[in-house]
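Report on the following structure.
Here is the structure:
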């Protein structure tokens, strides 16, 4: 049957065999569409779970390398089965619901936080024809679905009836609301350039012009990654669950598989952010024609994992900022820059359309202008806000031999 | 090298400034009368000849018949140190003035002395138990805390293996 | 039910501040009490910090301690002077050498024992190695409190581990060392100790340079710590603060320099002081002291004389294994002594009162961790929760020493 | 609306929306009520999807769930008198009556109107159409709305400014 149709070996597109099979069965009405969607959804879920398990191991090993340790190395070869063992442990643990919690909301928290992180992948194009639902408002859909996290986190933190959880939840909400603005504006630049919010169009535009949008919108890429770090609670933005301050933040009271949901949702959200960044900024499943020889989904996943690795890296390296500093960074630094960037992109598009310049002239010009703009804005605005000046530089201790002398030069005591 | 100002020296200086304030003087320390204590300590902190601005350590000692509080003072300016003591004769309810107005650093140490020895520091703004919980019975560092039957007190009289040494007055009361 | 209501209220006013945390007095909200500890990753043990918050701002801070109180001062009154040395390991368990040293110095002062030269150098070397190990931990944990996910701690552990190996070679233990004895040290170092120590000293400068590169100019650490928890020099002195915290406030006071003990009078080193008195300066002082300790060690290893490592205690009454080791029991003269040293955390003093018996009449530990906590309320009020954690980290407490 | 899938989806979403809305009114617990409200908003978004108004649907999720619901949560936690358990108010009967009247009016209007069926197929992409309309035909109302929002933002800032705050703070 489908084996003979000569398409099954075409693993450039994983949906081909299924499609061929469904075509052969000749199901009535929309049934084949429904089955196809269910199969696709199940496939994405399976991939996500496997990726999460793999990345838990990778993250622990990589961070261990950064920290002069070995990391998990006992369960299975090289500790590969450690995440499986952990997941089993979480599954078998008693599901404790503290008595003082609001039970329904307490249960709803992990579920609500898990759903949007999975649903996001519906619009992500894994390959040329490998998008479960190629909405024409795909980019907006991503942002909207990510926004559901906010009430979910709040519910988890509030229902726990724990002060750490409460503080963590309040921090998360303040942060998510602030950085959502930045995130939207960071995606707006590429969308203006492309002229469509459909994810496949965004990839197609980059394929057609042979230019990843990263080269044209470097500032937006950085801003998106930073806002993404906030969304997935990664260092240096992990103040919501700052383990040195708030134990585990909004999911302090959760244990067993409910904690597992939060843990997994964090990775899934990380993949979602990385997938969006790859699709919008890094050319999705294309790589300068290489997609003709290598299946697009392999290119896409490689890019995704590399992008996600940046987050692992930052987690192993960076300390955490304080909430007021992060809020100030969002509102005082990133927001003005993003607004200026949107204005610049609009002007560039207008000039391009007015002059009808060829793409070979226009694209390098836009790229150069935006890169220069990014540099000037970051440095200039940073200087304007007082960064990079003397007060931000480290200093060493004064060395002395005069016992009893007082070197204090700071402000006098107020009391 | 830090000069240790002996008890006699500092007692002489205190006596010259506050006649009658010194209760006792030993090579290691000078004991000041409780009612004069804060005056003396403030003077020692502020007087240019002394400048004992740093309260190195404050601790109480249960001397069985009386309580004393030892103040180890340090002068960064002159690189000197000395020891002042104040003696509370009242065995049951020892009371001494608090040094917190002179050195805020006395706060936790006074709380510790109150907690473990039951010395009340009058004038301490926040004299609570610190290591033990509120409602703990007695003051464990006192020598008579949970005495053994027969009035035997805590403390080692003789180490096993020691040849028979004359026992000091401690232990059999 | 009360719990429920309490949390709801807390939530309400907390959110008000989270929205506009810098807005001062615009919305009055009820205070909200958060307990940091006793079981909390940032209290460095079982220590509890009761914060009264207005949103994220701290209105009041109260310390609750005693969870690790083992009544050492009472226990020590029942044991001989030599038997008390292990207690001093277990107060500041991250710097057992200096704990030993302070105690034996107090007893030596009481008994007027002069320690042999080689023992003095061994004491110095061990104290400085201990200082490096302890400061490395302090710096790493401080970075951890700033939110670095274990990485600095693990890097610091690498050096500490090698120092602990050296300790193990010298005395057989790694954490609770029990190395110092009244009149000297418990035993001489084995012959292979010196080469290994020299090897370590060759490695360390590279590592310290790495830490300085990574941490000193890390913008996030600067943003988190500069201007946070400012303790002025006057406040620091008045609050009896000592050690890196006092020097961070700009007071050049180091007992090693001011009142040299062991072999410090023969060695060349500087006092590191800060100028702003903030958390960053305390951290910078610790980083600089790593270098100074290394400098001291290099000299001390070169200058190490040969000879006995132990002085016979004249009044020893129980000397079980001949003269080679410290006596088990002796009776010092009636009197009192206050011995102090510069431990990694500050002035560690032992106040020993003797009544002529085989055990101390009064055994008091002036522990720097405990007394350095005195200004904690002063530093925390007005700061945020995140700041309070960093401030507590910069005080560098060891709860074993706070509670004793 | 011919195919069975759309019909099933419509009734599912309608039940979800209305059921959750009833839950909002019935729930004594304000946070539960907000949870219900979120479900109701989600159902509404689903209804928009069945009308092939995908832009509106996504905007519904983005604005109502992501922003309005969170705003309501903030409002609840900011109001000192609002606990988890709502008290009965004397306005209950008037409120029920008013809601009943409104519902009756709307049902009457729905049943009374003669609905015109259009032959036009569903929109392919509503985002482009809406964008064009906003920036072209309805540019002035759009700008007025944005000015209104700006005024609201400024007003909020003025309202919450602490008294005696210094310039440039």
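Protein chains in written order, with my numbering: chain A, 1 to 415; chain B, 416 to 588; chain C, 589 to 992; chain D, 993 to 1161.
Cβ atoms here follow ideal geometry from the backbone N, Cα and C, with glycine treated the same way.
{"Asked": "Coarse secondary structure for residue 503(B), derived from DSSP in three states", "Found": "strand"}
{"Asked": "Interface residues of the stretch 838 to 849 of chain C facing chain B [CB-CB below 9 Å]", "Found": "839, 840, 841, 843, 846, 847, 848"}
{"Asked": "CB of residue 620(C) within 8 Å of CB of residue 637(C), strictly", "Found": "no"}
{"Asked": "Span of the beta strand (DSSP E), counted from its first residue to its last, around residue 400(A)", "Found": "398 to 400"}
{"Asked": "Pairwise C-alpha distance: residue 655(C) and residue 819(C)", "Found": "27 Å"}
{"Asked": "Those residues which DSSP pairs with residue 496(B) across a bridge", "Found": "419(B), 489(B)"}
{"Asked": "Helix, strand or coil at residue 772(C) according to DSSP, with G and I counted as helix", "Found": "strand"}
{"Asked": "CB contact below 8 Å: residue 397(A) versus chain C", "Found": "yes"}
{"Asked": "Same chain only: Cβ atoms within 8 Å of residue 1161(D), ignoring 5 sequence neighbours per side", "Found": "Note that residue 1161(D) has pLDDT 39, beneath the 50 cutoff, so the model's placement of it is unreliable and the number below is only indicative. Once the five neighbours on either side are set aside, residue 1161(D) has no close Cβ partner at all."}
{"Asked": "Integer-rounded CB distance, given that residue 532(B) should sit under 8 Å from residue 469(B)", "Found": "The Cβ separation is near 23 Å, so there is no contact."}
{"Asked": "CB contact check: residue 522(B) to chain C, cutoff 8 Å", "Found": "yes"}
{"Asked": "Residue 238(A) burial status per 10 Å Cβ neighbour count (16 or more: buried)", "Found": "buried"}
{"Asked": "Proximity below 8 Å, CB of residue 94(A) to CB of residue 256(A)", "Found": "yes"}
{"Asked": "CB contact check: residue 136(A) to chain D, cutoff 8 Å", "Found": "yes"}
{"Asked": "Enclosing alpha helix (DSSP H) for residue 942(C) [first to last residue]", "Found": "Run containing residue 942(C): none in the alpha helix (DSSP H); it sits in the beta strand (DSSP E), 934 to 942."}
{"Asked": "Opposing strand residues paired with residue 1096(D) [DSSP bridges]", "Found": "BP columns for residue 1096(D) are empty, so no partner."}
{"Asked": "Burial state of residue 68(A) (16 or more Cβ within 10 Å)", "Found": "exposed"}
{"Asked": "Short CB-CB distance (under 8 Å) between residue 1014(D) and chain A", "Found": "no"}
{"Asked": "Cβ pair residue 974(C), residue 408(A) closer than 8 Å", "Found": "no"}
{"Asked": "Where residue 1027(D) meets chain A, residues with beta-carbon distance less than 9 Å", "Found": "104, 105, 108, 112, 151, 155"}
{"Asked": "Terminal residues of the beta strand (DSSP E) in which residue 512(B) lies", "Found": "510 to 512"}
{"Asked": "Interface partners of residue 492(B) on chain A, CB under 7 Å", "Found": "404"}
{"Asked": "Anticipated Cβ contact below 8 Å, residue 989(C) with residue 958(C), distance rounded", "Found": "7 Å"}
{"Asked": "Residue interval of the alpha helix (DSSP H) (run including residue 982(C))", "Found": "973 to 983"}
{"Asked": "CB contact below 8 Å: residue 407(A) versus chain C", "Found": "yes"}
{"Asked": "Three or more C-beta pairs below 8 Å linking the stretch 143 to 151 of chain A and the stretch 40 to 50 of chain A", "Found": "no"}
{"Asked": "Chain-ordered chain D contacts of residue 140(A) [CB-CB under 8 Å]", "Found": "1047, 1050, 1051, 1054, 1119"}
{"Asked": "Own chain partners of residue 750(C) with C-beta closer than 6 Å, once the 5 adjacent residues on each side are dropped", "Found": "788"}
{"Asked": "Residue 61(A) in three-state terms, based on DSSP", "Found": "helix"}
{"Asked": "Counted within 10 angstroms of its Cβ, other Cβ atoms place residue 669(C) as buried (16 or more) or exposed", "Found": "buried"}
{"Asked": "Simplified DSSP assignment, three categories, for residue 130(A)", "Found": "coil"}
{"Asked": "Among 335(A), 184(A), 164(A), 340(A), the one whose alpha carbon lies nearest that of residue 627(C)", "Found": "164(A)"}
{"Asked": "Inter-stretch contact at 8 Å, needing at least 3 Cβ pairs: the stretch 445 to 458 of chain B / the stretch 924 to 937 of chain C", "Found": "no"}
{"Asked": "Beta-carbon proximity of residue 770(C) to residue 701(C), cut-off 8 Å", "Found": "yes"}
{"Asked": "Chain-ordered chain A contacts of residue 1057(D) [CB-CB under 9 Å]", "Found": "144, 147, 148, 150, 151"}
{"Asked": "Same chain, Cβ closer than 8 Å to residue 403(A), neighbours up to 5 away in sequence not counted", "Found": "none"}
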